[in-house]
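Per this note's numbering, residue 39 is the first one in the sequence shown, and the count goes up by one each step.
The next block holds one structure in the form of structure tokens; read it before the comments.
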Amino acid sequence: MNVLDCMGFTFTYAGTNTPVLQDLSFSVAPGEMILLCGPSGCGKTTLLRMMKKELQPAGRQAGEIRYKGISIKKLPDIRAASEIGMVFQHPEHQIVMEEVLQELVFGMENVGFPPDQMRRRLAETISSLGLEMLLTRRTESLSGGQKQLLNLASIMALRPRLLLLDEPTGFLDPIGAVQFLQTIKRLNEETGITVIFTEHRLEEAYPLADRVLVMDGGSLLYDGSPRDGIEWMNRAGSRHRHLVPTIPRLALQTGVKSDFLPLTVKEGRQWLKEHGKTASAPTDPPEETVSVPPNPILSLNRIDFRYDPETEVLKQTTFQVSPGECLAIFGANGSGKSTVLQMMANSLQPDSGSIRYKGKKRKKRKDNQWHHQIGYLPQNPEAFFLRETVEAELDAVASRFSKEEKRDRCQEVITHFKLLSLLTRHPHDLSGGEMQKVALACLLLRDPEVLLLDEPTKGMDPELKRFLSQEIQAFIQKGRTVVMTTHDVEFAAVTATRCTLLFDGDVLTPAPASSFFRKNDFFTTAVYRVTRDTGMPEAVTVEEAVRLWQSPDWLSVSS
């Protein structure tokens with residue numbers, strides 16, 4: 039018997055007339071690990087929520103989704119809660135208790151497990167997921183990766199048969215994301231649990247999946263193997279070609295005919311050995327330099343900050359950004375990246391040190407110049423919105439302009455960001471990527487000098503990321519400035535002019551983007567991990583690799 043059957047399922051949100059899911063039909067066998075992907079706003083999150091009885095949104099349904107032959111709507115509450123588990127994108131949104139042990143027990147108590155069964159499951163879950171060292175910790179003290187692992191453990195203690203994950207690594211650093219996804223794969227292989235997950239980190243997600251479902255506009259367009267799916271996406275047009283992960287995209291864009299399409303770094307390096315190129319003369323990549331103007335627009339000098347007496351977050355943090363640059367700040371979860379941006383946005387005050395804008399020291403919390411000239415997008419975009427519709431948000435942001443100028447500016451933003459279909463929607467009802475896009479449109483409508491972006495690509499599909507990258511590059515070409523915190527190394531590699539790493543409360547000396555990625559093993563791109571130390575042209579991005587590939591300085595291995 040199938041674990042899940044989706045039978046001609048259509049769903050329309052209450053108060054709307056356009057279906058967000060249209061005539062979906064597919065089945066899921068026991069033990070499968072299925073990747074659900076597609077452009078932002080295509081209906082992935084809605085579909086996952088429809089598989090979880092207690093999370094189904096209000097609206098009109100047609101067709102049916104069945105779990106082990108029973109309609110999801112008719113599934114007994116206890117069975118629905120214990121046999122179908124779901125992990126969300128934001129680690130903190132799922133945690134309800136103050137201590138780790140309490141959180142692990144909470145779900146089992148709610149479904150009525152007897153004490154001896156709870157102890158047995160608790161012991162096994164803690165041991166299998168390596169949570170022993172966290173048991174006495176307060177949940178607020180955990181890193182993002184630890185919180186997400188706790189969410190997973192709380193669900194696995196119930197022994198679910200179906201695990202749903204909605205972009206579970208969206209807030210995790212690169213190392214934590216890989217570890218979390220590998221844990222999911224291990225659970226799938228060792229326990230036989232069925233997994234359906236959405237993920238925009240396609241480089242890590244694709245090799246783990248047994249099967250891929252591609253959605254667009256609420257419809258299912260592809261259902262098959264990951265490798266065949268890549269071939270389909272590559273043929274299906276630009277909207278879906280951007281869903282091809284980095285390593286197979288590199289292989290496809292070289293134009294080399296091959297029977298084997300690499301998915302992983304290991305496979306990519308083997309593919310290069312067989313089909314790659316070597317230098318006609320030994321060369322080293324030139325040391326990249328970025329000219330930074332002498333007068334910074336925004337600077338932090340010897341900043342100290344603590345949230346409490348025992349937690350020193352920033353220690354003598356010092357750096358500056360100048361007009362015409364985009365600085366990307368990397369760092370582990372909990373390293374203080376968001377705190378730095380909040381300092382720069384005037385949302386937090388340092389314990390000591392100074393922050394200057396255009397050479398002038400910030401003197402007070404409420405500063406109109408700071409508010410109008412520095413735009414800040416927080417990590418949780420839901421906190422950005424205050425009104426009932428997207429149109430009302432745009433109207434409020436543009437209120438400081440004259441009536442005529444407001445109309446022209448709003449129309450320009452609506453057209454440029456393709457927001458017409460979203461104007462009557464509540465911002466909180468948008469997909470993660472759509473929410474980020476609307477928030478960015480609101481920020482640019484203010485016409486700021488500086489943009490501070492906290493994890494701007496979370497929830498975005500590759501096409502939307504490319505659009506955001508182009509917007510940032512156009513913004514800094516006007517002599518303006520962007521500072522962003524990110525875990526998305528692939529995005530930063532094609533967008534940032536300089537990069538730095540926040541570690542132990544301070545930032546390492548910022549370096550030009552290409553140089554930064556060439557010096558790292560973990561905070562680097564998939565293309566560089568594939569091409570380094572191979573005797574072939576080393577590159578950081580797909581575009582750079584293809585350009586080098588076509589250079590006459592490099593000879594075919596087979597020549």
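In this text, a Cβ means the ideal position worked out from N, Cα and C, and glycines have one as well.
Quantities reported herein were computed from a predicted structural model and do not represent experimental measurements.
Local Cβ density within 10 Å of residue i, reported as buried at 16 or more and exposed below that
{"i": "glutamate 348", "result": "exposed"}
{"i": "asparagine 226", "result": "buried"}
{"i": "isoleucine 335", "result": "buried"}
{"i": "histidine 466", "result": "exposed"}
{"i": "alanine 52", "result": "exposed"}
{"i": "phenylalanine 541", "result": "exposed"}
{"i": "leucine 85", "result": "buried"}
{"i": "phenylalanine 298", "result": "exposed"}
{"i": "alanine 161", "result": "exposed"}
{"i": "serine 596", "result": "At serine 596 the pLDDT is 46, less than 50, meaning the model places this residue with poor confidence and gives no usable figure here."}
{"i": "methionine 39", "result": "exposed"}
{"i": "leucine 424", "result": "exposed"}
{"i": "lysine 503", "result": "buried"}
{"i": "threonine 321", "result": "Per-residue confidence for threonine 321 stands at a pLDDT of 49, beneath the threshold of 50, marking its modelled position as unreliable; the derived number appears in the next sentence. Looking at its Cβ environment, which holds fewer than 16 other Cβ atoms inside 10 Å, threonine 321 is exposed."}
{"i": "histidine 525", "result": "buried"}
{"i": "valine 149", "result": "exposed"}
{"i": "arginine 518", "result": "buried"}
{"i": "serine 318", "result": "Here the model assigns serine 318 a pLDDT of 47, short of 50, so the residue's position is not dependable, and the following value carries that caveat. Serine 318 is exposed by the Cβ-count criterion."}
{"i": "lysine 441", "result": "exposed"}
{"i": "serine 63", "result": "exposed"}
{"i": "serine 65", "result": "exposed"}
{"i": "isoleucine 234", "result": "buried"}
From the options, residue whose alpha carbon lies closest to that of residue i
{"i": "histidine 278", "options": "Pro500, Thr427, Ser179, Gln127", "result": "Pro500"}
{"i": "glycine 397", "options": "Phe422, Gln358, Ala215", "result": "Gln358"}
{"i": "lysine 353", "options": "Glu137, Tyr51, His131, Asp544", "result": "Asp544"}
{"i": "lysine 456", "options": "Phe439, Lys441, Val476", "result": "Val476"}
{"i": "glutamine 127", "options": "Arg87, Thr48, Trp408", "result": "Arg87"}
{"i": "aspartate 485", "options": "Arg463, Lys82, Ile514", "result": "Ile514"}
{"i": "proline 57", "options": "Thr462, Thr48, Ser63", "result": "Thr48"}
{"i": "alanine 67", "options": "Val125, Leu200, Glu141", "result": "Leu200"}
{"i": "aspartate 389", "options": "Val250, Ser437, Lys399, Arg340", "result": "Arg340"}
{"i": "threonine 236", "options": "Gly168, Ser78, Ile164", "result": "Ser78"}
{"i": "asparagine 55", "options": "Leu251, Arg463, Phe64", "result": "Arg463"}
{"i": "tyrosine 345", "options": "Ser179, Pro550, Thr163, His409", "result": "Ser179"}
{"i": "lysine 304", "options": "Met498, Pro286, Gly293, Ser296", "result": "Pro286"}
{"i": "isoleucine 510", "options": "Gly362, Pro198, Thr453, Val41", "result": "Gly362"}
{"i": "alanine 383", "options": "Ser296, Gln474, Val294, Leu481", "result": "Leu481"}
{"i": "arginine 224", "options": "Gly69, Glu442, Tyr395", "result": "Gly69"}
{"i": "serine 296", "options": "Leu281, Leu458, Leu113, Glu312", "result": "Glu312"}
{"i": "proline 419", "options": "Asp492, Leu139, Cys448, Ser589", "result": "Asp492"}
{"i": "glycine 182", "options": "Asn333, Pro206, Gly470, Ser440", "result": "Pro206"}
{"i": "serine 166", "options": "Cys44, Asp154, Arg175, Arg197", "result": "Arg197"}
{"i": "isoleucine 393", "options": "Asp342, Ala215, Arg447", "result": "Asp342"}
{"i": "leucine 113", "options": "Arg585, Gln94, Glu130, Tyr260", "result": "Gln94"}
C-beta atoms of residue i and residue j nearer than 8 Å
{"i": "leucine 310", "j": "valine 488", "result": "no"}
{"i": "methionine 34", "j": "isoleucine 110", "result": "The question about residue 34 has no answer, for the chain in this structure spans 39 to 597."}
{"i": "proline 494", "j": "leucine 415", "result": "yes"}
{"i": "valine 580", "j": "threonine 284", "result": "yes"}
{"i": "leucine 172", "j": "glutamine 186", "result": "no"}
{"i": "valine 520", "j": "serine 552", "result": "no"}
{"i": "asparagine 371", "j": "leucine 258", "result": "no"}
{"i": "leucine 338", "j": "glycine 391", "result": "yes"}
{"i": "glycine 81", "j": "methionine 253", "result": "yes"}
{"i": "leucine 539", "j": "glycine 369", "result": "yes"}
{"i": "glutamate 141", "j": "leucine 188", "result": "yes"}
{"i": "leucine 290", "j": "threonine 523", "result": "no"}
{"i": "arginine 249", "j": "glycine 262", "result": "yes"}
{"i": "leucine 461", "j": "glutamate 426", "result": "no"}
{"i": "proline 264", "j": "threonine 302", "result": "no"}
{"i": "lysine 91", "j": "valine 41", "result": "no"}
{"i": "valine 527", "j": "threonine 572", "result": "no"}
Cβ distance (whole Å) where residue i is taken to contact residue j below 8 Å
{"i": "proline 212", "j": "phenylalanine 529", "result": "Rounded, the Cβ-Cβ distance is 12 Å, inconsistent with contact."}
{"i": "leucine 288", "j": "valine 565", "result": "6 Å"}
{"i": "glutamate 195", "j": "arginine 159", "result": "Rather than glutamate, the amino acid found at residue 195 in this sequence is alanine. Indeed they touch by this definition, with Cβ atoms about 5 Å apart."}
{"i": "leucine 483", "j": "alanine 436", "result": "6 Å"}
{"i": "proline 548", "j": "arginine 556", "result": "Actually they are not in contact, since the Cβ atoms of proline 548 and arginine 556 sit about 15 Å apart, beyond 8 Å."}
{"i": "glycine 293", "j": "proline 300", "result": "Rounded, the Cβ-Cβ distance is 15 Å, inconsistent with contact."}
{"i": "leucine 546", "j": "leucine 506", "result": "Their Cβ separation, rounded to whole angstroms, is 25 Å, which puts leucine 546 and leucine 506 out of contact at 8 Å."}
The ligand FMN heavy atom lying under 7 Å from the CB of residue i
{"i": "threonine 356", "result": "In the structure shown, the ligand FMN is absent, as is every other ligand, since no ligand is present at all."}
The segment 97-112 in contact with the segment 206-222 per 3-pair CB rule at 8 Å: No: fewer than three Cβ pairs fall under 8 Å.
Is the segment 224-244 touching the segment 68-82 in the sense that three or more CB pairs, one from each, lie closer than 8 Å? For the pair of segments examined, the segment 68-82 was found to touch the segment 224-244: the number of CB pairs separated by less than 8 Å reaches three.
So does the segment 111-123 actually touch the segment 136-155, counting three or more Cβ pairs closer than 8 Å? The answer is yes - the segment 136-155 touches the segment 111-123, with three or more Cβ pairs under 8 Å.
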